[in-house]
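Let me begin by presenting the structure, written as structure tokens, before commenting on it.
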Amino acid sequence: TPDVSGRSGAPADNESFTKANSVSAVQEALDGLSDVTDVSLAGKGLGPELGGALASFAKVGSIVSLDLSENELGPDGLEALVAADFAELKQLDLGGNDIGDDGVAALARLKAPNLETLNLSGNDVSEVGAQSLAQSPTLARLSVLDLTMNPIGAEGASALAASGAMSQMKQLYLLGCDIGEEGAQALAASTGLKQLEQLALAGNAIGDAGVKAIAGAKQLSTLRQLDLSANDIGDSGASALASSTSLKSLESLEVLVNPEISDAARKKLQKRFGAKLKL
Numbered sequence: 113t114p115d116v117s118g119r120s121g122a123p124a125d126n127e128s129f130t131k132a133n134s135v136s137a138v139q140e141a142l143d144g145l146s147d148v149t150d151v152s153l154a155g156k157g158l159g160p161e162l163g164g165a166l167a168s169f170a171k172v173g174s175i176v177s178l179d180l181s182e183n184e185l186g187p188d189g190l191e192a193l194v195a196a197d198f199a200e201l202k203q204l205d206l207g208g209n210d211i212g213d214d215g216v217a218a219l220a221r222l223k224a225p226n227l228e229t230l231n232l233s234g235n236d237v238s239e240v241g242a243q244s245l246a247q248s249p250t251l252a253r254l255s256v257l258d259l260t261m262n263p264i265g266a267e268g269a270s271a272l273a274a275s276g277a278m279s280q281m282k283q284l285y286l287l288g289c290d291i292g293e294e295g296a297q298a299l300a301a302s303t304g305l306k307q308l309e310q311l312a313l314a315g316n317a318i319g320d321a322g323v324k325a326i327a328g329a330k331q332l333s334t335l336r337q338l339d340l341s342a343n344d345i346g347d348s349g350a351s352a353l354a355s356s357t358s359l360k361s362l363e364s365l366e367v368l369v370n371p372e373i374s375d376a377a378r379k380k381l382q383k384r385f386g387a388k389l390k391l
């Protein structure tokens with residue numbers, strides 16, 4: 113019986129075949145775009161080749177919003193991506209791509225002069241990556257930064273807090289970043305967050321000491337939304353929030369999943385914040 117499977121006698125080079133398929137899939141995804149201003153390729157798992165394909169994409173300069181989340185880009189994909197000339201780009205979502213510290217370092221060379229929003233959530237970024245981001249010219253352009261679920265720790269938070277490049281920042285998301293009380297204290301002491309309106313610090317074990325620092329931070333008087341959920345807050349932290357004179361602009365305060373707060377302290381919070389409180 114003749115072999116009609118299309119297979120040759122020689123073993124296939126699986127890596128080359130996979131790479132060729134990946135490049136083809138990327139090209140197909142780009143060619144199929146009907147709108148090149150608002151581009152979403154989220155969750156396609158296109159791999160590192162996506163970075164290079166976008167860099168050479170003829171219409172890359174027209175993209176305003178780009179969602180590349182969950183694509184297995186890795187640091188190599190990021191290295192290729194920063195060669196692109198994103199003349200109009202304002203929003204970039206790189207969440208869940210395992211770009212790591214090397215990928216974040218590459219972002220310093222990102223050619224996106226109009227970038228305002230950057231999502232780096234779930235990328236295995238440590239304090240090293242946070243430190244390089246703190247010194248990156250890319251940071252100075254941003255009004256929204258999401259580093260959720262990256263283990264940047266207290267050192268990473270301190271580096272960002274000390275950066276002189278956060279003066280435009282309006283929304284900062286650091287949920288589950290292991291910053292602890294020291295990281296919270298550094299953010300509270302920062303003089304570079306003068307326009308910050310939204311700060312999300314849920315799941316960071318900042319404790320009462322961290323909460324007290326934030327509650328007393330005159331530099332954070334512009335805050336409208338504050339998320340301190342799941343942070344090991346007790347009565348002294350809750351009382352500091354309830355009596356804070358700095359958090360006068362708050363429209364929303366979340367302190368969910370802090371079971372150590374007593375009923376009496378909860379009542380103090382409710383009296384102070386009323387409908388603005390999620391407890």
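Take 113 as the starting number for the sequence shown in the numbering used here and just add one per residue.
Where a beta carbon is used, it is the ideal one built from N, C-alpha and C, also for glycine.
Fill in: beta strand (DSSP E) runs contained entirely in the segment 307-334, provided each spans 3 or more residues
310-312
Worksheet item: Of all the beta strand (DSSP E) runs that stay within the bounds of the segment 163-218, which reach a length of 3 or more residues?
Response: Listed in chain order, they are 177-179 and 203-205.
Worksheet item: CA-CA distance, Ala122 and Glu191?
Response: Taking the first residue of the sequence shown as position 1, residue 122 is located at position 10. Taking the first residue of the sequence shown as position 1, residue 191 is located at position 79. With a pLDDT of only 38 at Ala122, under the threshold of 50, the placement of this residue in the model should not be trusted; the figure read from the coordinates follows. Distance between the alpha carbons of Ala122 and Glu191: 34 Å.
Worksheet item: Using 8 Å as the Cβ pair cut-off and three pairs as the minimum, do the segment 218-233 and the segment 245-255 touch?
Response: yes
Item to complete: Enumerate in chain order the residues of its own chain whose CB-to-CB distance from Phe129 is below 6 Å, with the five nearest sequence positions on each side excluded.
Response: Stepping through the sequence shown from its first residue, residue 129 is reached at position 17. At Phe129, the pLDDT of 40 sits below 50, so the modelled position is not reliable and the matter cannot be decided from this model.
Worksheet item: From Ala352 to Asp213, what distance separates their C-alpha atoms?
Response: Locating residue 352 in the sequence shown gives position 240, counting from the first residue. Locating residue 213 in the sequence shown gives position 101, counting from the first residue. Approximately 36 Å, taken between the alpha carbons.
Worksheet item: In whole angstroms, what separates the C-alpha of Asp179 from that of Leu153?
Response: Your numbering for residue 179 matches position 67 in the sequence shown. Your numbering for residue 153 matches position 41 in the sequence shown. Those two C-alpha atoms are separated by around 6 Å.
Practice prompt. Would you identify the three-state DSSP class for Asp290, choosing helix, strand or coil?
Written response: Counting from one through the sequence shown, the residue named residue 290 turns up at place 178. Of the three classes helix, strand and coil, the one that applies to Asp290 here is coil, per DSSP.
Practice prompt. Kindly indicate which three-state DSSP category Val138 falls into: helix, strand or coil?
Written response: Sequence index remark: in the sequence shown, residue 138 carries index 26 (1-based). Helix, per DSSP.
Discussion item. Ignoring anything shorter than 4 residues, give me the alpha helix (DSSP H) runs that lie fully in the segment 332-373, in order along the chain.
Written reply: 347-354
Worksheet item: When the Cβ atoms of the segment 266-281 are set against those of the segment 324-342, are three or more pairs found closer than 8 Å?
Response: Using a C-beta cut-off of 8 Å, the segment 266-281 makes no contact with the segment 324-342, since fewer than three inter-stretch Cβ pairs fall below that distance.
Worksheet item: Grouping DSSP H, G and I as helix and E and B as strand, with all else coil, what is Ser152?
Response: Here residue 152 refers to the residue found at position 40 of the sequence shown. Strand, per DSSP.
Worksheet entry | Contact check, Ala340 vs Leu308, beta carbons under 7 Å | Working through the sequence shown from its first residue, we reach residue 340 at position 228. Working through the sequence shown from its first residue, we reach residue 308 at position 196. Correcting the residue type first, residue 340 is Leu in the shown sequence and not Ala. Cβ distance not < 7 Å, so Leu340 and Leu308 don't count as in contact.
Worksheet item: Exposed or buried, which one is Pro160 when buried takes at least 16 other CB atoms within 10 Å?
Response: Walking along the sequence shown from the start, residue 160 turns up at place 48. So Pro160 ends up on the buried side.
Practice prompt. Assign Val240 to one of three DSSP states: helix, strand, or coil.
Written response: In the sequence shown, residue 240 corresponds to position 128, counting from 1. Three-state DSSP puts Val240 in a helix.
Practice prompt. Measure the C-alpha to C-alpha separation of Val369 and Ser136 and round it to an integer number of angstroms.
Written response: For the purposes of this step, residue 369 is identified with residue 257 of the sequence shown, where counting begins at 1. For the purposes of this step, residue 136 is identified with residue 24 of the sequence shown, where counting begins at 1. Spanning the two alpha carbons is a distance of roughly 47 Å.
Practice prompt. Report all residues from its chain with a CB closer than 7 Å to the CB of Leu166; omit the five preceding and five following residues, and keep chain order.
Written response: Taking the first residue of the sequence shown as 1, we reach residue 166 at position 54. Here the set comprises Val172, Leu193 and Ala196.
Discussion item. Assuming contact is defined by CB atoms lying nearer than 7 Å, are Leu287 and Gly315 in contact in what I supplied?
Written reply: One-based indexing of the sequence shown puts residue 287 at position 175. One-based indexing of the sequence shown puts residue 315 at position 203. A contact, by the Cβ cut-off of 7 Å.
Worksheet item: Using CA coordinates, which residue listed in Thr149, Asp150 and Leu162 is at the minimum distance from Ala141?
Response: As a first step, residue 141 is located in the sequence shown; it is residue number 29 there, counting from the start. Considering only alpha carbons, the answer is Leu162.
Worksheet item: Among Asp290, Ala271 and Gly292, which has the Cα closest to the Cα of Leu305?
Response: Reading the sequence shown from its first residue, position 193 is the one you call residue 305. Here the closest residue by C-alpha is Ala271.
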